[in-house]
Every structure is written in structure tokens, then in C-alpha cells.
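Residue numbers 275 to 334, in the working numbering, belong to the letters of the sequence shown in order.
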Amino acid sequence: MPFAQRFTCTIDDACEVTGLGRTKLYELIGAGRIVTTTIGRRRLVVVRSLLALLDTNMSN
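In C-alpha cells:
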């Protein structure tokens, strides 16, 4: 399945796709720029929010 069609991804997947490190990704999550959901102990990134962040940065 293409990445953009997924609902969620892991933190590691988000780092790999964006080229960002875990620390920066968690900063963006803390700032509310990337949306996550937690299921049990697992934190998943909402792919739509990640794509929106990248789209916003590319249009500036």
C-alpha cells in the first residue's frame, strides 16, 4: 500500500519517510504540528497530518 494511503505509521516509519530524527519528530508532536494516536503502549502518527506538515513546508 502506498504510504500516502495509510491511515497511520510508526514513529520509525515517519522518521524514515521525512528524513527527520526522532527528537525533531517528537518536538513537532509536542507542538501539535503532527497528530498521533496511542493504542495500548504504541504511538502511531496520523499520516494525513504528516503529509499536511510536509505540504505546508513545501508551499512556503
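Ideal placement from N, C-alpha and C gives every residue a C-beta, glycine not left out.
The alpha-carbon of Leu325 is positioned some 7 Å away from that of Ala278.
Leu328 and Ile308 do not touch by the CB rule: their CB atoms are close to 10 Å apart, not below 8 Å. Counted as a single uninterrupted DSSP element, the alpha helix (DSSP H) harbouring Leu302 occupies residues 296-304. Minimum Cα-Cα distance from Asp286 among the listed residues Val321, Ala305, Gly314 corresponds to Val321. With fewer than 16 other Cβ atoms from the protein chains shown falling within 10 Å of its own Cβ, Ala305 counts as exposed.
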